[in-house]
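One structure is given below, encoded as structure tokens.
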Amino acid sequence: MRIHTQEEDSRSPRTPRPVRSPLATAQYGPESGSRWFGLWDGYFAISYLVTVALLFTSEEDQVHRAFAIGALTLIVPWYAGVGRRPMILRTKSRRNMVFCAGLFLLFASSSTLDLGGSFALFAVVPMLMMSLPMPSAIVLVVLANLWPVIVVWLRGGQFDPHIMSVLPISLLGIALSVLLGLWITRVVQQSADRAVLIDELRLSREREARLSHQAGISAERERLAREIHDTLAQSLTSIISLVQAAESEVVANPERARSRLGLAGRVAQDSLAEARTFVSALTPPALRGSSLVQAVRRQADLLMEETELTVRCTARGAEQPLPTAVSVVLLRSAQEAFANVRKHARHARRVEVLVAYAPDEVRLVVRDDGAGFEADAVLADGPQDGRGRQDGGRNGYGLRGMRARVEEIGGMAEVSSTPGTGTVIEVTVPLAPVVQESAGE
């Protein structure tokens, strides 16, 4: 059988941690129970000193008084060496029985030699209640409280009036002792339960902090994955296409080849700027000093230069400043739609881009007349190549990532496409909630 350590438990967020009982808590950390027990040690010391002072002022024989103080003093090491640890750990074992038997004998000896020793009941009774199960403790507490009456009766030899004066005090002591013992037991139980709750709360907070940290790491990885896909991966694809096209034209049409290589250089520079931007989480360079429509139109012009398609970009409605989060999401959506045209819109001739402004929303629509694809299959499992085979979801990540990005700001992304009918990508983002969130930040 393999024993799991506490460190292993803390490393496994999926393994529920069992709730410890008060006994188990004390066993795992007895120092936690000894915190409040220091108060009891102080009370015990005061009770001992007061009882010894009463014995010193007693009128008993000097020898009896000395032996009574000696028996009372032996309770101190007996408690420290035998009874204290089980009382802290709240265990119920044979050791407790031995401790209580010795405690009662020492108390009985001291009280028999000098009745002043019966004042030690204020310390003896709580120790009996904390060391024994309740029924056994009550029996022994009753016997300890009646012991002074028994001593007076044994000394007098008959049931004289002096016993009647001591008996009510003993009965009152029994009642008070039982109530005090029950109260102490209750306090100890509540303290143990509170220690367990505090321990579980601490563990819950540690677990929550660990899960929050892991969630933050996952979110950051997702952000970087989207940024890399929407910027570097798409730009590298464009550069490869441009370089390949330039290679095929370097002999037949060198001017055209130089133009394509120059365009590849500009794309590489833009990609470098994008890489520096998403590492520092700044506004994309395409949006600096320009509106969303201008940024989308520049991306459309770049697509037209790379692919020689007819690309028309139009704006509808009154153009208005947009929150940065909305502008970034719509620009990234346009870039993903254009990347989808480059990779999958075979036989396409025209691409229509629309940016429509409304008082409460902004909408981006990218439509091409290419070969189209099975949109449901792409979003679920990744796009298919020309022979109907899945590409492992590598390229489908872009559309799924675009949809996730749009949904994060409360928007909606729809991809409509079937083989032979082209593709329509429509992104709608409400403005009111985003504006309110931006104002709240």
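Using this note's numbering, the first residue of the sequence shown is number 44, and each one after it goes up by one. The beta-carbon is built from N, C-alpha and C at its ideal position, and this holds for glycine as well. Predicted, not measured: the structure shown is a model, and the values here were computed from it.
{"Asked": "Nearest to Val-472 (by Cα), restricted to the options Thr-466, Glu-457, Gly-465, Thr-464", "Found": "Glu-457"}
{"Asked": "Contact test: Val-409 Cβ vs the ligand ATP heavy atom, cutoff 6 Å", "Found": "The ligand ATP is absent from the structure shown, which contains no ligands of any kind."}
{"Asked": "Same chain, Cβ closer than 8 Å to Phe-147, five either side skipped, listed in chain order", "Found": "Val-167, Leu-171, Leu-183, Leu-186, Ala-187"}
{"Asked": "Gly-425, DSSP secondary structure in three states", "Found": "Unreliable positioning characterises Gly-425 in this predicted model, as indicated by a pLDDT of 47, which lies under 50. A coordinate reading is not provided."}
{"Asked": "Span separating the alpha-carbon of Phe-416 from that of Ala-289", "Found": "29 Å"}
{"Asked": "Where Ser-460 falls, given that 16 or more other Cβ within 10 Å makes a residue buried", "Found": "buried"}
{"Asked": "For Ser-152, the nearest candidate out of Arg-410, Leu-115, Val-408, Thr-464 (CA to CA)", "Found": "Leu-115"}
{"Asked": "Minimum C-alpha distance to Gln-378 - residue among Leu-335, Asp-419, Pro-178", "Found": "Leu-335"}
{"Asked": "Neighbour-count burial assignment, Gly-72, 16 or more Cβ in a 10 Å radius", "Found": "Confidence is the limiting factor: at Gly-72 the pLDDT is only 44, short of 50, which leaves the residue's position unreliable and the question unanswerable from this model."}
{"Asked": "Exposure of Ala-24, with buried meaning 16 or more beta-carbon neighbours within 10 Å", "Found": "Outside the displayed span of the chain (44 to 484) sits residue 24, for which this structure offers no information."}
{"Asked": "Same chain only: Cβ atoms within 6 Å of Arg-299, ignoring 5 sequence neighbours per side", "Found": "Glu-292"}
{"Asked": "Val-372 beta carbon less than 7 Å from that of Arg-448", "Found": "yes"}
{"Asked": "At least three beta-carbon pairs within less than 8 Å, the stretch 234–251 to the stretch 339–356", "Found": "no"}
{"Asked": "Proximity below 7 Å, CB of Val-384 to CB of Asp-412", "Found": "no"}
{"Asked": "Coarse secondary structure for Pro-473, derived from DSSP in three states", "Found": "strand"}
{"Asked": "Selected residue, minimal CA-CA separation from Ala-401, among Met-140, Gln-363, Thr-367", "Found": "Gln-363"}
{"Asked": "Residue from Asp-84, Leu-279, Ala-382 whose Cα sits closest to the Cα of Val-310", "Found": "Leu-279"}
{"Asked": "Whether Ile-468 touches Ala-380 by CB criterion (7 Å)", "Found": "yes"}
{"Asked": "Status (buried if at least 16 other CB within 10 Å, exposed otherwise) for Gln-342", "Found": "buried"}
{"Asked": "Environment of Val-62 [buried if 16+ CB atoms lie within 10 Å]", "Found": "Residue placement at Val-62 is flagged as unreliable, the pLDDT there being 40, under the threshold of 50; the coordinate-derived value follows with that caveat. Its Cβ having fewer than 16 others within 10 Å, Val-62 is exposed."}
{"Asked": "Three or more C-beta pairs below 8 Å linking the stretch 83–98 and the stretch 107–123", "Found": "yes"}
{"Asked": "Rounded C-alpha distance that separates Gly-126 from Arg-138", "Found": "8 Å"}
{"Asked": "Per-residue DSSP class, three states only, for Ala-111", "Found": "helix"}
{"Asked": "Spatial distance of Phe-80 from Leu-254 (CA atoms)", "Found": "36 Å"}
{"Asked": "Local conformation of Glu-417 per DSSP, three classes", "Found": "coil"}
{"Asked": "Delimiting residues of the alpha helix (DSSP H) encompassing Arg-127", "Found": "127–132"}
{"Asked": "C-alpha distance - Gln-287 paired with Ala-307, whole-angstrom precision", "Found": "10 Å"}
{"Asked": "Through-space distance from Arg-198 to Gly-160, alpha-carbon basis", "Found": "16 Å"}
{"Asked": "CB contact below 7 Å: Arg-108 versus chain B", "Found": "Of the protein chains in the structure, only one exists, and it is not chain B."}
{"Asked": "Asp-242 (DSSP reduced to helix, strand or coil)", "Found": "helix"}
{"Asked": "Distance between beta carbons of Phe-165 and Ser-90, contact taken as under 8 Å", "Found": "5 Å"}
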